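Taking it in order: structure first as C-alpha cells, then the write-up.
Numbering (this note's numbering), first residue to last: 9 to 197.
Quick look at the structure:
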C-alpha cells in the first residue's frame, strides 16, 4: 500500500524537486534520498496529521535544503543546465524571457519560493501547502501573493518586447496566467 502510493507520487515529487533545484540529476538524488527517508520512517507516518502527499513533499523540501546547505554553488550552475534541458537552441529571445522568469522565481526568499512552487507548480491548495510548510493557509496565501508580485516585478524590470516562440509561449503564458489567477483569488477573498 505505502509503496504503491509512493510510486504513484514519484512524478510529482520529481517535478517539485526539479523546480526547487533546476537540475535533473540533483532532483533525482533528492527524490531518491527522500524516498529512502520516507520508507525508513513509514511506520511513523500518521494519516491523521495530513495526507501522504504533503508528508512526502515536506521530506523532498527538507532534503533539498539539506543538500543546498552543503553546496550553494550547485544551484547557480543548475539554472543553466535546466534551461538547456528544456529550451530549443533556436529560440533565443524566448529563452531569455524564460530564463529571466526562472531566475526571478529562484531569487525569491525561500519561504516565498516554497509556497509559490507548491501552490502554482505542484497544485497544492493553500491548506495543503501550509501543512507541508508548517504554517497556516493564510500565511501561505500571503507568501504566494508576495512571491507573485516580486517575481513579476523582477521579470518586468527589463523590457519584454520580443515576441515569444510559439513552443515556449505556452509555458511562460501558463506561468503568467497562474500568477494572475493567484492575484485575483487573493484580492477577491
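Ideal Cβ positions, reconstructed from N, Cα and C, are used throughout, including at glycine. Being a predicted model, the structure only gives us computed values, none of them experimental.
Of the listed residues the options, nearest to residue i (C-alpha basis)
i: residue 62; options: 77, 45, 140; result: 140
i: residue 75; options: 66, 134, 34, 12; result: 34
i: residue 106; options: 41, 163, 48; result: 163
i: residue 158; options: 14, 53, 118; result: 118
i: residue 73; options: 45, 64, 110, 28; result: 28
i: residue 71; options: 149, 16, 45; result: 45
i: residue 142; options: 66, 165, 78, 15; result: 66
i: residue 160; options: 50, 108, 126, 144; result: 108
i: residue 59; options: 110, 129, 133; result: 133
i: residue 131; options: 21, 55, 47; result: 21
i: residue 42; options: 112, 54, 18, 110; result: 18
i: residue 36; options: 69, 110, 54; result: 69
i: residue 126; options: 148, 111, 110, 112; result: 148
i: residue 111; options: 151, 150, 165; result: 165
Status (buried if at least 16 other CB within 10 Å, exposed otherwise) for residue i
i: residue 153; result: buried
i: residue 114; result: buried
i: residue 57; result: exposed
i: residue 136; result: buried
i: residue 77; result: exposed
i: residue 146; result: exposed
i: residue 39; result: buried
i: residue 16; result: exposed
Same chain, Cβ closer than 7 Å to residue i, neighbours up to 5 away in sequence not counted
i: residue 8; result: With the chain covering 9 to 197 only, the question about residue 8 has no answer from this structure.
i: residue 53; result: 60, 63
i: residue 12; result: none
Three-way DSSP call (helix, strand, coil) for residue i in this model
i: residue 14; result: helix
i: residue 109; result: helix
i: residue 53; result: coil
i: residue 116; result: coil
i: residue 130; result: coil
i: residue 164; result: coil
i: residue 19; result: helix
i: residue 30; result: coil
i: residue 153; result: helix
i: residue 43; result: helix
i: residue 145; result: helix
i: residue 62; result: helix
Close Cβ partners of residue i (< 8 Å) along its chain, the five nearest in sequence each way excluded
i: residue 23; result: 129, 130
i: residue 144; result: 138
i: residue 50; result: 10
6 Å Cβ shell around residue i - same chain, five flanking residues per side excluded
i: residue 25; result: 35, 38, 39, 68
i: residue 199; result: Outside the shown range of the chain (9 to 197) lies residue 199, about which nothing can therefore be said.
i: residue 151; result: 119, 120, 123
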